[in-house]
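Number of protein chains: 2
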Amino acid sequence: MAQVENNIFGIGEKNTAFGQYFTGLTYRHPLVKKSTTIKAGVSNITFTPAARTNWHIHNNGYQILLVTSGNGWYQETEKPAQKLQAGDHIVIHEGVKHWHGATENSWFSHISITSGTSEWLEPVSDEDYENLNH
Amino acid sequence: MAQVENNIFGIGEKNTAFGQYFTGLTYRHPLVKKSTTIKAGVSNITFTPAARTNWHIHNNGYQILLVTSGNGWYQETEKPAQKLQAGDHIVIHEGVKHWHGATENSWFSHISITSGTSEWLEPVSDEDYENLNH
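Line by line, the protein sequences give chains D and R. Just so we're aligned, residue 354 is where the first sequence starts under our numbering, counting upward by one. Just so we're aligned, residue 354 is where the second sequence starts under our numbering, counting upward by one.
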């Protein structure tokens, strides 16, 4: 739990808003709501070990991830997964199919800055996920 | 220096790009460059004690600050200054004249997410700044 306690932007509550598009237990702390004037939403997302998003695409916009604690993965389709740690950042361009989440043994938190709409796709299979971690 | 060492997104280099619009020594670590597809730039800005921006306005856009370490101030014109610490965030709407910076005795770092263009105005006077800290 040390990684959660060190999570400066707060873990918030169980991620019921998007939980159906994730595997495993995640938490979400919404910080800034997207509006007509503030055109990107900002949240802090915390993944318990092995939790991850489904594959998804950002349409008519983009997403930036700023890793605040723990260890995780980011993968774009047809590319190798990248391991992430606190201080790393990722820029996700419009139309790129990808997923992100915790490693098998670590909690993981990132700020997400999201513009546009998210198109949610299939889960990352246990087989594909486990192959990353071994 | 402990606050700088704990600064997870890195202090980067001396803020020569915007130094003329700041009072005191600041550092800037650009993380994401604004472009035609990624419509907000992201940087980590670190202020040495008592360093601060000039008064300024964001036009045709907005700015979000995410405080990552230290203690600082945020003030909008005609309003009292707010004290900031790690984990706090600020949303700055288009057209709002404001400044941000460190307290007198603390280093201060925030992520800035900036869309649109910045209109730089006069420095925060030493008198106004010192009145906040005493």
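Each residue gets a CB set at the ideal place from its N, CA and C atoms; glycine is no exception. In this text the structure is predicted, and so the values were computed from the model without any measurement.
Bounds of the beta strand (DSSP E) holding Leu419 (chain R) are 409 to 429. Under the 8 Å criterion on CB atoms, Ser468 (chain R) is classed as interfacial with respect to chain D. Contact annotation: Trp460 (chain D) and Phe400 (chain D) have beta-carbon atoms nearer than 8 Å. Residues of the region 415 to 435 of chain R with a C-beta less than 9 Å from any C-beta of chain D: Tyr415, Ile417, Leu419, Val420, Thr421, Ser422, listed in chain order.
Shown here, Gly469 (chain D) sits in a strand according to DSSP, grouped into three states. Contact of Val395 (chain R) with chain D by beta-carbon distance below 8 Å involves Ile417, Leu419, His442, Ile466.
Boundaries of the beta strand (DSSP E) around Ala455 (chain R): 451 to 455. With fewer than three CB-CB distances shorter than 8 Å, the region 430 to 441 of chain D does not count as touching the region 470 to 477 of chain D.
Residues of chain R with a Cβ closer than 8 Å to the Cβ of Glu447 (chain D) are, in chain order, Thr390.
Between the alpha carbons of Ile410 (chain R) and Glu447 (chain D) lies a distance of about 29 Å.
Counting only residues of its own chain and dropping the five nearest sequence neighbours on each side, Arg381 (chain D) has a CB closer than 6 Å to the CB of Gly365, Asn368, Ser396, Ile398. About 6 Å separates the beta carbons of Ile466 (chain D) and Ile466 (chain R), which is inside the 8 Å limit, making them a contact pair. Nearest to Asn424 (chain R) by C-alpha distance, out of R:Gly454, R:Thr389, R:Ala393, is R:Gly454.
By alpha-carbon distance to Val449 (chain R), the top candidate from R:Asp481, R:Tyr415, R:Ser462, R:Gly363 is R:Tyr415.
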